[in-house]
Structures are given as C-alpha cells and as structure tokens.
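A.B. asks:
2 protein chains.
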Amino acid sequence: MDKVRIGIIGVGNMGKSHTEYLVKNQVSHAELTAIVDTDPSRLDWVRNNYGSSNIQLFDNLDAFYASKAFDAVIVATPHYNHPEAAIEAFSHGYHVLVEKPAGVYTRQVREMNEAAAKSGKAFGIMFNQRTNPLYQKLRDLVTSGELGEVRRTNWIITNWYRSQSYYDSGGWRATWAGEGGGVLINQDPHQLDLWQWTADMMPKRVRAFCGFGKYRNIEVEDDVTAYVEYENGATGLFVTTTGEAPGTNRYEVSGDNGKIVIENDQLTFWRLRTPEPQFNREWKNGFGQPECWKCEIPVVGAPGPQHKGITQNFVNHILNGTPLLAPGEEGIKGLTLSNAMHLSSWTDDWVNLPINEDLYYEKLQERINSSTFKKETKELQMDVKGTH
Amino acid sequence: MDKVRIGIIGVGNMGKSHTEYLVKNQVSHAELTAIVDTDPSRLDWVRNNYGSSNIQLFDNLDAFYASKAFDAVIVATPHYNHPEAAIEAFSHGYHVLVEKPAGVYTRQVREMNEAAAKSGKAFGIMFNQRTNPLYQKLRDLVTSGELGEVRRTNWIITNWYRSQSYYDSGGWRATWAGEGGGVLINQDPHQLDLWQWTADMMPKRVRAFCGFGKYRNIEVEDDVTAYVEYENGATGLFVTTTGEAPGTNRYEVSGDNGKIVIENDQLTFWRLRTPEPQFNREWKNGFGQPECWKCEIPVVGAPGPQHKGITQNFVNHILNGTPLLAPGEEGIKGLTLSNAMHLSSWTDDWVNLPINEDLYYEKLQERINSSTFKKETKELQMDVKGTH
C-alpha cells in the first residue's frame, strides 16, 4: 500500500475543512475517496465545490461501508456520535481518526477504546494542537527533566469569546442533549488534552466550580474554575469561559528548576541555576533565593501543521508505522477532566479520578431529561477557520 | 498642634525600620520621642545607633505610658499582640498606627476596631502597599467605572520564596502559637488587602486549599490556592506560596469593559471599544468579538512612598484631617480572607463571609494546643529592606 484512501463521516463544519485540504492534496500519500452525510444539503456543498473530484458521495452508512472505497475513516459527526461511529468503523475493519472530543461521557469512550484495541486497527484523534511546536517544546522540557519535578500547572484560557448570536446559530449548541456540555466540551478539549500531555501526568482529584448559563442564555457551563491535585503533590488550575473579552491564554508550569510560561504564542523558561530543593538544603542565611536566568527558548514553526499535520501523521502511521502523535486512546484523558469538572460542580464536592463513569452518565441523563431549554435559533453558516 | 510626637511599641525588624526614617526626619511634622521594648538588646540597638537623639527608651509599658512623651503610637509588636497593644493605647487616649496584619484572628481585631471607634482617636494600619501608584491606578479604574462591573479577580502571588533557613531563624516563625499562620499571615497581608481594596468588594464565600508544611519543615501553610465568589457573580483566585522560585506576581482583573493586568510592575488595560454586554446584545453574526485596544496607562512614581508614606498620611490626618489612605478598621478585611482560607481548608468545605469568628478561634486554639512542633532555630539578624 503506497497511499491511504480516506472516507469522511459527516461533512459539517469540521468535515468540510478536512475535505478541503485532502482535495487539495495537502496530505501526501492520502486520497479522499468517499463522504457520507445524511443531510443532502451538505452533499450538495461537496458537489458544488468539488464536483470534478472522484469522491463517492453517500447519504447512508450502509452504502458507504458497502462501497469499500476507502482504507480509513475520519469521524466528523456531532460530539455524541463519535464513539458510536468509530466503533462501527472498527467493526468493519477500518482505521479510524476521530474528531475531538473523543465523546461526551467517558463510558462511551472507554467502549470505543476497547473496540479499537480489539480491532488492531490504527486509531488516532484530531488533537491538532499537539502539532504546535510551543506545546511540543513544553512537553519536551518537562519529560526531559529540564524543568525538574512539576509543582504547579496553571492554565488561564478565557479567550473563547462567544456571543449569544453564536449560541443561537444552532439549536443543538450548548444543550445537554445536543453537545453534552459547554465551553469544556466544545472549546477546551485541546487545552484539557495539552494540560495533561505537556505536564505528562493526570490529576488524582478535581474540585471545580462551573457557572451554567452565567453569561449567555444557555443551559450548559460557560464559566469554569477548576483546582486539581496530582499524585506527586503538585496542584493545578484550569480557568475558562466564553463570556469574557478579550480574555487571556496563559499557561504556567512551575517545577523544581524554575517556571515556564506560554503566553502570546511565546514560551519563556525562567531557569534556576541551582535546583530549588538543593538551594534550600544548602542556603544558611535567612532571606535569599536561587539565581534565576530568563531563557528565551527557540520554538520554530508555530502553530505547526495543525489538522493536516495530524492527518498526515495518521497516514504515515498506517503506511510506515510512524508513532501516532495523538493516539485515539488518549482522548479519554481530557474528557475525564471535563466530566470530572461537571461532576464536581453538580455534587459540590471533590471528584477522585478515574471518575465514576456510571454516576456521570446518570447525572448527565438527568440534565438531558429535565431540560426545558428552548432557544430561538437562527441557522448561520459559520466560518470555522481560526477555530480548532 | 503643629507636629505629632510618636512612640514606637516594639523595636524588632519593623520597629527599627520606622525608627530609622523617623530619626532621619523623613516624615514631616513628626518626631520620634519614645520607644518601648521588653528586650534590652533591642534598646541597646537604639542607643548604639541613635544615642544622640532625644528618644526616651522604656523597658515596660507602664513607664512608657506614664511618660506622656508622645501623641500617637506605632504598634510594631508580634502579630498576635497588635490588637491588645492597640486597645491599650486607645484606652490611654492615644492615636494608633498598627503594623500589619491587624491581628491573627478576627475576633480580636473586631474588638480592636470597637475600641478605636469608642476612643474617637485616629486609627491607621500600615498597609504601605496602598501608597503604590500601580494599585491606586487599578482601584481608580475600577471605582471610576472605567473597567465596568468586575467579573474576575485572579492574583497569582507565588514569588514569596523563603528557604528553610529563613524559618529556622526564629522559633516563633511559622508556628500556630508564634504567628498564627504562614504565608497568608506573614507574607500576604498586603496582597489580601489590595485584592479587596482594588476590586472594591469582598467575596461572599471562599473555598481554599492550603498545603501545611508542604515545602518546608513548618506546621503552618506554605502553599495556598483559594477560589472566591462575590455577591455580583464575579469569581476570583488567590494563589500563593513561599516554596517556589522564581515565582510569579500577576494580578488580573476583568470586567465588562475589558481586562487589566498588573505584572512586572506595569499596568496594562485591554479596553473594549464597546462594553461586552452591549456588544453581545447587538452582534448578530455568530463568531465575532468586541474590538479591543491595548492601552498603556500612565503610572507615575511606583512603588510610592511606602511605609513613610503611610506614616506621613497618618500624621497629616491627625494634624489636618486628611483622609486616611489605610483606615485601621479595614485591616479586618484581609484578615477575614486569610482566616476564611484556613477555615475552608480545615473543614474541607465552603466558608461564608463574614466568617464564624468563634469557630475560627476555637480551631486555631486546637492547633496551638496540639502543636508538637519543635524547630532547631538559629537566631539570625535579618535585613528586612525589600520586604514589606
């Protein structure tokens, strides 16, 4: 096999984006051969824009799979459907690249991971931000030991401004039944993933404070402050909202050897000449602190190849065994954090990880079933360039 | 009266600092006329350094008060003693400028405030950071309405590095009996005061997570993350530690009209051209956010006159009725936040404000009584220049 034939499941906002770069041959050794969507207008969009391409179009999954026109699928359906669609693809023997989030509740995502393992097929997730050299460098500085043991991970990511008009653009948006959450499930999956990926550890417990419909007429969370504790004693914060402008995106990780801050697309390492624990053991003169160097760390090529980079890596993995940058099984990590933050707010209590997946599912269903939320919606065709 | 004669109660680290600038006549219309301290070596320090000055020295409070050599006192005794010493001074009919913190638990501070009110004398507190034009400007931008309604107040103040050697320099340091707390009571009183002063509001409830002796061999807190909620729905964070280097001092306040950040001794106002609530009402096109201007706000003269500025203001208040920059009665606010953070950690629960002052006192006594903490101490004469 010298190329991977790709089928796309769902050609909404993200599916269209994947279609565009694949049709333009921006992923080498990949060919877009099939698209399935139950919405005829979306298939019309493909016909109108890429009618001359050899993409087979399907309005149902049975025909799509019967075609055998592809080797791998990209799942770009609504959030809730990701695990179900992926599991079906695995059952048909296909490699799967799933859009983020991995799903809406961890139980379904665990089942997806089990299906992937059983199938033996390639399984990736569209964590395109893992291609950003800024976060790769941070992970490098942590995992290589340059920063020393991590002590604090504070991410303030409040620049996800969304107006009421955005929420009103689709009736499914920002509802428990439609999306399964708000800013955590829709805007933050990348940051929740990068938070654990760059620190190279998951918290052991979470205490979160969510505001539901605090800034907008929606039923899900649009403001979150979450505090976490790690096994090694480190602590962390994750602060996010869609209600503030201009907001902030500042991620600070401190460790035994200093601190690293990513802000304004720059990474700075304040590096201690002597690791703090050693300084503390040796210093005998009261006031005093380790000498600190402000180090500008070279980061080349940000923000990286993003979506097409993940797809390229997925294709290379299938063809050449290149390690996956974002293995699909890891999608459960960020979702666990997201679910834990909801659950902690709902129970007004600590949530230990791994979370009780059945309890989360039950409490989510309660919210779906008791929802009386009716929005006046106005369908808008939105440009997702610049979103992730 | 054309000058205020000042007596200093306690000539330890801070009392010496007040002595120095008063002897050098750096506060106009003020004269240092008396000092009392029960430690003879401290009085020797005054004799050796300022023997030629006309300062009367006393080794007991009875003689100090009998001298009637002053019009006002500065209380610079250990933390616990501040309210008791101030109450005694009011009972003798003197004006009082008390060092920070106002006290260690709010019950004693409330009693001090009541004594002050009853006395009718001037009552100030050494919140010297209120003289810093940076924080004055922030308060100005909030109280004048420039920022609009406050939505979030996040202060990361983790640059209070203290080694074990510092804690070992005095047996009373960082013990429940000696100081009544750690980083919150010793290092952070200014920030806790400025936090509420600049935002011009107190939280209504607090949920805090303290690490006690996390980084150092001490029994009190050396690491704190506190989440707060305000009456108007705003939230806030206060993150502090003595265990990190180089640490961070970054205070961000966001509101309806943008956000203000103080970091690296600079204040920046990201100002929205249209207030966010108005933009949200008027915007009809899905994605989109208010136009934002990065405004450099002039701040002249930072860090301001600090301690001598507070003393000058106190003197001017007595002589001319100049309003106090830091009225003594306001010392209870920051202490309430500090006590609430302890209490929330001890009870692993929310604490509503005003706190239950008797419960706090009881829980503090439990810690004092059950303390088995013995430190190997090594008396160090420390230079407090550069501390606050």
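These protein sequence lines map, in sequence, to chains A and B.
When we follow UniProt numbering, the leftmost residue of the first sequence carries the number 1, and every step to the right adds one.
When we follow UniProt numbering, the leftmost residue of the second sequence carries the number 1, and every step to the right adds one.
Glycine is no exception: its CB is placed at the ideal position from the N, C-alpha and C atoms.
1. My guess is that Y251(B) and W172(B) are in contact by the Cβ rule of under 8 Å, so how many angstroms apart are they, rounded?
2. How would you list, in chain order, the residues of chain A whose beta-carbon sits under 9 Å from the beta-carbon of K235(B)?
3. Quick check: what's the CA-CA separation for M202(A) versus A302(B)?
4. For K308(B), collect the residues of the same chain with a Cβ closer than 6 Å to its Cβ; drop the 5 residues on either side in sequence, then sort them by chain order.
5. Would the C-beta of E231(B) count as close to the ligand GDP, meaning under 6 Å from any of its heavy atoms?
6. Cutting at 7 Å between CB atoms, please list the residues of its own chain near E229(B), excluding the five before and the five after it.
7. Output the distance between the C-alpha atoms of Y80(A) and Y105(A), rounded to the nearest integer angstrom.
8. Hey, would you say R130(A) sits closer than 7 Å to L337(A), going by beta carbons?
9. List, in chain order, every chain A residue whose beta-carbon is nearer than 8 Å to that of F269(B).
10. Compute the Euclidean distance between the alpha carbons of residue 401(B) and F58(B), then round it to the nearest angstrom.
11. What distance in whole Å lies between the Cβ atoms of I157(B) and N264(B), which are believed to be in contact at a cut-off of 8 Å?
12. Can you tell me the Cβ-Cβ gap for V46(A) and V73(A), rounded? I've got them flagged as a contact below 8 Å.
13. Just to confirm before moving on: does the CB-CB distance between I355(B) and A122(B) stay below 7 Å?
14. Closer than 7 Å by beta-carbon distance: list the chain A residues that pair up with I156(B), in chain order.
15. Among residues of its own chain, excluding the 5 on either side of P327(A), which ones have a beta-carbon nearer than 8 Å to its beta-carbon?
16. Take the Cβ of G145(B) as the centre, count every other Cβ of all protein chains shown within 10 Å, and call the residue buried at 16 or more, exposed below.
17. From G247(A) to A30(A), what distance separates their C-alpha atoms?
18. So that I know if they touch, is there some Cβ in chain B lying closer than 7 Å to that of Q289(A)?
19. Buried or exposed for V300(B), please, with buried defined as at least 16 other CB atoms from any protein chain shown within 10 angstroms of its CB.
20. Strictly under 7 Å for the Cβ-Cβ distance: is N13(B) near chain A by that measure?
21. Is it buried or exposed, A226(B), if we count other Cβ atoms within 10 angstroms and call 16 or more buried?
22. In terms of alpha-carbon separation, which member of L194(A), R5(A), V4(A) and R42(A) lies closest to G12(A)?
23. Could you spell out the range, first to last residue, of the alpha helix (DSSP H) harbouring A63(B)?
24. I'd like to know if L272(B) contacts chain A, where contact means its C-beta is closer than 7 Å to some C-beta of that chain.
25. Would E244(B) count as contacting chain A if we go by Cβ distances under 7 Å?
26. Would the beta-carbon of F373(A) fall within 7 Å of that of T143(A)?
27. Since C292(A) meets chain B, which of its residues come closer than 7 Å, beta carbon to beta carbon?
28. According to DSSP, is T77(A) part of a helix, a strand, or is it coil?
29. Which residue or residues does DSSP assign as beta-bridge partners of W293(B)?
30. Check the Cβ of N280(B) against every Cβ in chain A and list those closer than 7 Å, keeping chain order.
31. Would you tell me roughly how many angstroms separate the C-alpha atoms of K16(A) and I297(B), rounded to the nearest one?
32. Counting only beta-carbon atoms, is S28(B) nearer than 7 Å to chain A?
33. On the CB-based measure, 16 or more other CB atoms within 10 Å of its CB, does A116(B) come out buried or exposed?
34. For N132(A), which residues of its own chain have a beta-carbon under 7 Å away from its beta-carbon, when the five flanking residues on both sides are left out?
C.D. replies: Inspection of the coordinates gives the following:
1. Numbered from its first residue, the second sequence carries residue 251(B) at position 251. Numbered from its first residue, the second sequence carries residue 172(B) at position 172. At roughly 30 Å, the Cβ-Cβ gap does not stay under 8 Å, so Y251(B) and W172(B) are not in contact.
2. Taking the second sequence and counting its residues from 1, one reaches residue 235(B) at position 235. The sequence shown places Thr at residue 235(B), not Lys. By Cβ distance, chain A contributes F209, G211, D223, T225 and V239.
3. In the first sequence, the residue the question calls residue 202(A) occupies position 202. In the second sequence, the residue the question calls residue 302(B) occupies position 302. Between M202(A) and A302(B), the C-alpha separation is close to 42 Å.
4. Translated into positions along the second sequence, residue 308(B) becomes position 308. Around K308(B): Y21, Q26 and V27.
5. In the structure shown, the ligand GDP is absent, as is every other ligand, since no ligand is present at all.
6. For the purposes of this step, residue 229(B) is taken as the residue at position 229 of the second sequence. Excluding positions up to five away in sequence, the list reads P203, K204, R205 and T235.
7. Within the first sequence, residue 80(A) is the residue found at index 80, counting from 1. Within the first sequence, residue 105(A) is the residue found at index 105, counting from 1. Distance between the alpha carbons of Y80(A) and Y105(A): 8 Å.
8. Taking the first sequence and counting its residues from 1, the one referred to as residue 130(A) is at position 130. Taking the first sequence and counting its residues from 1, the one referred to as residue 337(A) is at position 337. For R130(A) and L337(A), no; Cβs fall outside 7 Å.
9. The residue given as residue 269(B) occupies position 269 in the second sequence. Result: empty, since nearest Cβ-Cβ is about 11 Å, beyond 8 Å.
10. Outside the modelled stretch of chain B, which goes from 1 to 388, sits residue 401(B), for which no answer is possible.
11. Stepping through the second sequence from its first residue, residue 264(B) is reached at position 264. Stepping through the second sequence from its first residue, residue 157(B) is reached at position 157. That belief does not hold up - the Cβ atoms of N264(B) and I157(B) are roughly 13 Å apart, past 8 Å.
12. Along the first sequence, read from residue 1 onward, the residue named residue 46(A) stands at position 46. Along the first sequence, read from residue 1 onward, the residue named residue 73(A) stands at position 73. Actually they are not in contact, since the Cβ atoms of V46(A) and V73(A) sit about 16 Å apart, beyond 8 Å.
13. Taking the first residue of the second sequence as 1, we reach residue 355(B) at position 355. Taking the first residue of the second sequence as 1, we reach residue 122(B) at position 122. For I355(B) and A122(B), no; Cβs fall outside 7 Å.
14. Numbered from 1 along the second sequence, position 156 holds the residue referred to as residue 156(B). What I156(B) touches in chain A: N154.
15. For the purposes of this step, residue 327(A) is identified with residue 327 of the first sequence, where counting begins at 1. If we look at P327(A) and ignore the five residues flanking it on each side, its Cβ neighbours are F123, G124 and I125.
16. What you label residue 145(B) is simply residue 145 of the second sequence in a count that begins at 1. G145(B) should be labelled exposed.
17. As a position in the first sequence, residue 247(A) is number 247, starting the count at 1. As a position in the first sequence, residue 30(A) is number 30, starting the count at 1. Approximately 38 Å, taken between the alpha carbons.
18. What you label residue 289(A) is simply residue 289 of the first sequence in a count that begins at 1. Output row for Q289(A): interface = yes.
19. Taking the first residue of the second sequence as 1, we reach residue 300(B) at position 300. It is exposed - the Cβ of V300(B) has fewer than 16 other Cβ atoms within 10 Å.
20. Walking along the second sequence from the start, residue 13(B) turns up at place 13. Taking Cβ atoms only, chain A never reaches closer than 7 Å to N13(B), which makes this a no.
21. Walking along the second sequence from the start, residue 226(B) turns up at place 226. Buried, by the Cβ-count rule.
22. By one-based count along the first sequence, residue 12(A) stands at place 12. That would be R42(A), whose Cα lies nearest to the Cα of G12(A).
23. Here residue 63(B) refers to the residue found at position 63 of the second sequence. Here the alpha helix (DSSP H) through A63(B) covers L61 to S67.
24. Here residue 272(B) refers to the residue found at position 272 when the second sequence is read from its first residue. Yes, L272(B) lies at the interface with chain A (some Cβ there is under 7 Å from its Cβ).
25. Within the second sequence, residue 244(B) is the residue found at index 244, counting from 1. So yes, E244(B) belongs to the interface.
26. For the purposes of this step, residue 373(A) is taken as the residue at position 373 of the first sequence. For the purposes of this step, residue 143(A) is taken as the residue at position 143 of the first sequence. Contact: no.
27. Position 292 of the first sequence, counting from 1, holds the residue named residue 292(A). Result: A245 and P246.
28. Position 77 of the first sequence, counting from 1, holds the residue named residue 77(A). Looking at T77(A) - three-state DSSP - the assignment turns out to be coil, as it is neither helix nor strand.
29. Your numbering for residue 293(B) matches position 293 in the second sequence. Looking at the DSSP assignment, W293(B) forms a beta bridge with R271(B).
30. On the second sequence, position 280 is the one that residue 280(B) refers to. Within 7 Å Cβ-Cβ: S163 and Q164.
31. Indexing the first sequence from 1 puts residue 16(A) at position 16. Indexing the second sequence from 1 puts residue 297(B) at position 297. K16(A) and I297(B): Cα-Cα distance of roughly 44 Å.
32. For the purposes of this step, residue 28(B) is taken as the residue at position 28 of the second sequence. Not one chain A Cβ lies under 7 Å of S28(B).
33. Residue numbering aside, residue 116(B) sits at position 116 when the second sequence is read from its first letter. Buried, since its Cβ has 16 or more Cβ neighbours within 10 Å.
34. Translated into positions along the first sequence, residue 132(A) becomes position 132. So the qualifying residues of the chain are A302, P303 and G304.
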